[in-house]
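If you're matching them up, the sequences are chains A and B in order. Going by the working numbering, 938 is the number at position 44 of the first sequence; the sequence numbering is gapless. Going by the working numbering, 981 is the number at position 87 of the second sequence; the sequence numbering is gapless.
Number of protein chains: 2
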Amino acid sequence: MPPPASLDTLFRPRAVAVAGASTNVDSAGQDYVRSLQALGFTGAIYPLNPRATEIAGLPAYPSVEAVPGPVDLVISCLPAGAILELLNQCGRKGVPFLHLFTGRFSETGDAEAAELEQRIEARAKAMGVRILGPNGMGLYHPAAGLGFRPDLPAEGGGVAFLSQSGNNAVEVILRGHARGLRFGKVVNYGNGMDVTPGELLRYLADDPETTVIGAYVEGVPDGRGFFQGLRAAAAKKRVIIHKAGRTRAGAESAASHTAALAGSSDLWSAMLAQAGAIEARSQEQLLDLMVGASLLPAVTGRRVAVAGGGGGRSVQSADACEESSLTVLPLPGEVREKVRAKAPALADWVRNPVDQSILAGSGLSSNGILEMMLAADVYDLAIANVGEDWFFGRPDAEDRMKHACNRLAALAQSCGKPVAVVLGPTETMSPRYRALVDSVRDDLTTRGIAVFYSVERAAWALGRLAPYP
Amino acid sequence: MPPPASLDTLFRPRAVAVAGASTNVDSAGQDYVRSLQALGFTGAIYPLNPRATEIAGLPAYPSVEAVPGPVDLVISCLPAGAILELLNQCGRKGVPFLHLFTGRFSETGDAEAAELEQRIEARAKAMGVRILGPNGMGLYHPAAGLGFRPDLPAEGGGVAFLSQSGNNAVEVILRGHARGLRFGKVVNYGNGMDVTPGELLRYLADDPETTVIGAYVEGVPDGRGFFQGLRAAAAKKRVIIHKAGRTRAGAESAASHTAALAGSSDLWSAMLAQAGAIEARSQEQLLDLMVGASLLPAVTGRRVAVAGGGGGRSVQSADACEESSLTVLPLPGEVREKVRAKAPALADWVRNPVDQSILAGSGLSSNGILEMMLAADVYDLAIANVGEDWFFGRPDAEDRMKHACNRLAALAQSCGKPVAVVLGPTETMSPRYRALVDSVRDDLTTRGIAVFYSVERAAWALGRLAPYP
């Protein structure tokens, strides 16, 4: 038997066949075919269906063995009872990877289903076919044209994400993309029968395409392997782990979801810290940390400059920063003198955080003062509040807010320090304001600016990404 | 001297004059006039400006004494140096309330400015003129046509909000409105020289228009009065307090913002709990609690039914509920038997939280199972995940998602128990999905459904609103 195929082949297969491809547009069996087409997969795509001649415009084949060329990956949407036969065919054809979208195995709690899963595992080993899944949506790798839904973004990047849950992977991809994340290798490995998150982490550690790694885990099939993979990955790259199933109810839910043994929450936190990973406790925290790790320069210290928004926001920003162990240093003398030169009445009043509302009529803006602060070499990082609700109330709101955000983006891109921008969710019922906030956020995120929905979330993420003294 | 006027007059003045009304469209002096017009104030509006004949289509008067009829409220946009003279005029005219939008007093840290503030306070007492502010945007009370920005919602309701910060008040009103909150009496009292938050709380306690009270405070001018007002209000209504300036940096920022002495954070938390108020530590928490308190039936217990979203969401929901001290009870036998009747294979697999992704093809939906759960009289409350990202991927996403949300809304409105709906922020770059999520959320919130941006935030708010056993 040849040695097991490299994961390189999984992520860049020459040809893909979809077993259980369907003519029904509302089915996974058609989604996989259309996803490969939509994401621009350049190899051959073979829909397999003994009762169809054409699916999504492609000729259909009755079985994988009937396919004329080599196949590196078979995606199965067949029911659980058909998998042993499919495995036999893959083995005879020399297919190195079989991805089982197919579920309803051990996660159902049914003993027969669990036994079938074990037989599949043994048969796959014997035939030299590696298994991704079962009970997982598989691969999204836009650089290779792979994906599990036709509406996933075609634009790729360096963020890898491993997810035990399929819907969670979709949410992280779509929401992350709207936040500016650009994904490389994303894997929903489901029950993790053969290709485990530990193996994937070891692979991603050395993968030149991957810059930041996130993962959502409920439990792991192979604790020691996971820890070793995590340590290898975290030694080279930022790794963020969202561990779910921390509670009694969560662990029970995880067992019925992916047959996962969730394990002790405290043990997990200790293990993640020891491996050098950063722990997230919600999808929001995961996304915030991935945005910070992927889009910002490395956070090297805790001295924070804060600007923008009115007085209430400034007080809240100061609280958020200190409660996330960031240090709100006073304005240095050189900045105070620069302010005095333009607006003497403000020089002894303005402070860090910079309250935008006291600057009216002074010729100074919060962005201008933030530029002075970051040039002063006293601060390690910055949080800039857009304060969109203030702009809404002014004439020319669109021009003013876009101008301010452009200046902020230019500062963030030129100053060499992490600048987190705070722009709330689009939380208004006015179509005009909605369009404005959406367009400004899109403009910032597509330029790679790290945007957070609240100053509390920005401060929390920066506080977790910063080194402890 | 007559007794001080009742706050009834402040909230429902017969006529309002704006001192410092301006022909400049980008000024507070014009904003106040246009706000009264936009919000439908039915009394007389008198712009005061000695150098203008007409402002925003209304005849301008040179001074408050030149106004022909009675004036119950003067709003001042004049600079600080002009206030003593304005006060004299108000006193002679018999104006009961003067609102000072005018700032730059003690909050600047300047000794002369602080002294002027004290002289104004003494003069106002002597002349029998009550002062709102200084350094505050004043009143938003849509039922009476009062407001401080023309773009504030005209539709009113029972949610009162007191805010030391003006921009924070604007944010809470606009964002709260998008979440379904409908406001009654909102006051940005700024430095709180005369009309204090304590007095306002005592007033709101007995105000028949007010059902729920929120407040944002940095520090209070009168600690004992605040505590007494808070206790009186919390004895009759839900009161939620966002206390900022909890940290050293936050307290320093508060001093320069509203000259507030922020006080010890621990002392504040203890005081709020003792008074029966609920503490929020961010604007997000404040809004979540006000949404829960205002839009949901009273939360009477902690046994939670959870449904919707995929398996990963279910695990995360279970964690969020338990970590917020809600109890995730298993499905009762009667529900399990109802499931068995329709889908035998699911009866021993499906659980609470209900994983929507395992129901495909069963004829059961997560909403349907949630209906069974709430009918079973085992659960005190529910959290329903919309799972919008799943709908995005299906044909007829619009019809399906709207249908599901309509059913959810009908359940929430008919079951008599609190049902929190989870629909993420509009976090997608697809114009089509954006329009879908925006329209579904608008539809839910305008029907008075409580919508939260994440299951963690929903669980947290419900856990704080529920009684402790």
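Glycine included, C-beta positions come from ideal geometry on N, C-alpha and C.
Kindly list, in the order they appear in chain A, the residues whose Cβ is closer than 9 angstroms to that of residue i.
{"i": "Val1222/B", "result": "Thr1141, Arg1142, Ala1143, Gly1144, Glu1146 and Ser1147"}
{"i": "Gln1122/B", "result": "In chain order: nothing, as chain A lies at least about 25 angstroms away."}
{"i": "Ala1138/B", "result": "Gly1206, Val1209, Gln1210, Ala1212 and Asp1213"}
{"i": "Ser1176/B", "result": "Gln1210, Asp1213, Ala1214, Ser1348, Val1349 and Glu1350"}
{"i": "Asp920/B", "result": "Arg1288, Pro1289 and Asp1290"}
So which residues of chain A does residue i contact, with C-beta pairs closer than 7 angstroms?
{"i": "Trp1243/B", "result": "Thr1002, Gly1003 and Ser1150"}
{"i": "Gly1203/B", "result": "Asn1061"}
{"i": "Arg882/B", "result": "Lying outside 895 to 1363, the shown extent of chain B, residue 882/B is not represented and no answer is given."}
{"i": "Arg1043/B", "result": "Gly1287"}
{"i": "Gly1030/B", "result": "Neighbours of Gly1030/B on chain A: none; closest Cβ ~11 angstroms, over 7 angstroms."}
Tell me the DSSP bridge mates of residue i?
{"i": "Gly1108/B", "result": "Phe1055/B and Ile1134/B"}
{"i": "Phe1286/B", "result": "Paired residue(s): none; Phe1286/B is not in a bridge."}
{"i": "Ile1263/A", "result": "According to DSSP, Ile1263/A bridges with nothing at all."}
{"i": "Glu1419/A", "result": "For residue 1419/A there is no data in the structure shown, the boundaries of chain A being 895 and 1363."}
{"i": "Asn1082/A", "result": "Gly1032/A and Ser1057/A"}
{"i": "Leu904/A", "result": "For Leu904/A, which the question treats as bridged, DSSP gives no partner whatsoever."}
{"i": "Phe1346/B", "result": "Val1316/B"}
{"i": "Ile939/A", "result": "Val910/A"}
{"i": "Ala1276/A", "result": "Ala1199/A and Val1313/A"}
{"i": "Thr1221/B", "result": "Arg1197/B"}
{"i": "Val968/B", "result": "Ala911/B and Leu992/B"}
{"i": "Phe1077/B", "result": "Val1053/B"}
So which residues on chain B does residue i lean against when the C-beta distance must stay under 7 angstroms?
{"i": "Met1323/A", "result": "His1071, Ala1072 and Asp1336"}
{"i": "Glu1065/A", "result": "Asp1283"}
{"i": "Ser1251/A", "result": "Asn1061"}
Sort the options by Cα distance to residue i and report the nearest one.
{"i": "Arg1301/B", "options": "Thr1322/B, Ser1260/B and Asp1336/B", "result": "Ser1260/B"}
{"i": "Pro1289/A", "options": "Leu1095/A, Arg1326/A, Leu1258/A and Leu952/A", "result": "Arg1326/A"}
{"i": "Asp1213/A", "options": "Ala1298/B, Tyr955/B and Ser1176/B", "result": "Ser1176/B"}
{"i": "Asn1085/A", "options": "Glu1103/A, Gly1070/A, Gly1078/A and Val1111/A", "result": "Val1111/A"}
{"i": "Pro1047/A", "options": "Arg906/A, Leu1056/A and Pro1036/A", "result": "Pro1036/A"}
{"i": "Thr1339/A", "options": "Leu1189/A, Ser1158/A, Gln1250/A and Cys1309/A", "result": "Leu1189/A"}
{"i": "Gly1186/A", "options": "Arg1207/A, Val1313/A and Glu1217/A", "result": "Val1313/A"}
{"i": "Ser1159/B", "options": "His1151/B, Glu1178/B, Ile1135/B and Leu980/B", "result": "Ile1135/B"}
{"i": "Ala1005/B", "options": "Asp1242/A, Gly1050/A, Ala1304/A and Val965/A", "result": "Asp1242/A"}
{"i": "Gly1287/B", "options": "Ser1251/A, Ala922/A and Tyr955/A", "result": "Ala922/A"}
{"i": "Leu1364/B", "options": "Arg998/B, Pro1102/B and Val1106/B", "result": "Here chain B covers residues 895 to 1363 and nothing more, so residue 1364/B does not appear."}
{"i": "Ala1038/A", "options": "Glu1009/A, Ala1237/A, Arg1013/A and Phe1077/A", "result": "Phe1077/A"}
{"i": "Phe935/B", "options": "Leu967/B, Gly914/B, Gly1281/B and Val958/B", "result": "Leu967/B"}
{"i": "Met1323/B", "options": "Val1331/B, Val1316/B and Gly1257/B", "result": "Val1331/B"}
{"i": "Asn1029/B", "options": "Arg998/B, Gly1157/B, Pro1091/B and Ala1138/B", "result": "Arg998/B"}
{"i": "Val1066/A", "options": "Val1334/B, Gly1318/B, Leu1068/B and Gln931/B", "result": "Gly1318/B"}
{"i": "Leu1275/B", "options": "Gly1357/B, Phe1121/B and Gly1052/B", "result": "Gly1357/B"}
{"i": "Val1053/A", "options": "Gly1139/A, Met1184/A, Glu1321/A and Glu1231/A", "result": "Met1184/A"}
{"i": "Gly1003/A", "options": "Val1193/A, His1151/A and Gly1281/A", "result": "His1151/A"}
{"i": "Gly1257/B", "options": "Ala1239/B, Val1315/B, Met1267/B and Leu1268/B", "result": "Ala1239/B"}
{"i": "Pro1102/A", "options": "Gly1119/A, Lys1079/A, Gly1108/A and Tyr1083/A", "result": "Lys1079/A"}
{"i": "Ala1270/A", "options": "Gly1255/A, Arg1230/A and Ala1298/A", "result": "Arg1230/A"}
{"i": "Arg1024/A", "options": "Ile969/A, Gly1206/A, Asn1061/A and Arg1207/A", "result": "Ile969/A"}
Using a Cβ cut-off of 8 angstroms, pull out every chain B residue sitting near residue i, in sequence order please.
{"i": "Arg1328/A", "result": "Asp1332"}
{"i": "Tyr1110/A", "result": "Gly1206"}
{"i": "Gly1186/A", "result": "Ordered by position in chain B, no residue passes the 8 angstroms Cβ test against Gly1186/A, which lies about 17 angstroms from the chain."}
{"i": "Phe1039/A", "result": "Just to set this straight, residue 1039/A is Gly in the shown sequence, not Phe. Under the 8 angstroms cutoff, chain B gives no residues; its nearest Cβ is about 18 angstroms from Gly1039/A."}
Could you tell me which chain B residues have their CB closer than 9 angstroms to the CB of residue i, listed as they occur along the chain?
{"i": "Leu1068/A", "result": "Asp1283, Phe1286, Glu1321, Thr1322, Met1323, Ser1324 and Tyr1327"}
{"i": "Pro1247/A", "result": "Ala1143 and Ser1147"}
{"i": "Glu1217/A", "result": "Arg1140, Thr1141, Gly1144 and Arg1175"}
Could you name the residues of chain A that residue i contacts, counting a contact when the two beta carbons are closer than 8 angstroms?
{"i": "Gln1058/B", "result": "Gly1206"}
{"i": "Gly1051/B", "result": "Simply none; closest approach about 14 angstroms."}
Exercise for the section: Scan the region 973 to 1060 of chain B and note each continuous beta strand (DSSP E) run of 3 residues or more that stays entirely inside, going in chain order. Expected result: 991 to 994, 1024 to 1026, 1032 to 1034 and 1053 to 1057
Exercise for the section: Would you check if the region 1095 to 1115 of chain A and the region 1223 to 1234 of chain A touch, i.e. whether three or more CB-CB distances between them fall below 8 angstroms? Expected result: no
Exercise for the section: Just list the alpha helix (DSSP H) runs in the region 1157 to 1203 of chain A, keeping only unbroken ones of 4 residues or longer that don't cross its boundaries, in chain order. Expected result: 1159 to 1169 and 1177 to 1189
Handout entry: the region 1116 to 1134 of chain A contacting the region 1163 to 1175 of chain A, beta-carbon criterion three pairs below 8 angstroms
Key = yes
Handout entry: the region 1247 to 1257 of chain B contacting the region 1199 to 1207 of chain B, beta-carbon criterion three pairs below 8 angstroms
Key = yes
Handout entry: contact_flag[the region 943 to 954 of chain B, the region 989 to 997 of chain B] where n(CB pairs < 8 angstroms) is 3 or more
Key = no
Handout entry: the region 1062 to 1078 of chain A / the region 1335 to 1354 of chain A touching (three or more Cβ pairs under 8 angstroms)
Key = yes
Problem - the region 1095 to 1104 of chain B / the region 1135 to 1151 of chain B touching (three or more Cβ pairs under 8 angstroms) - result: no
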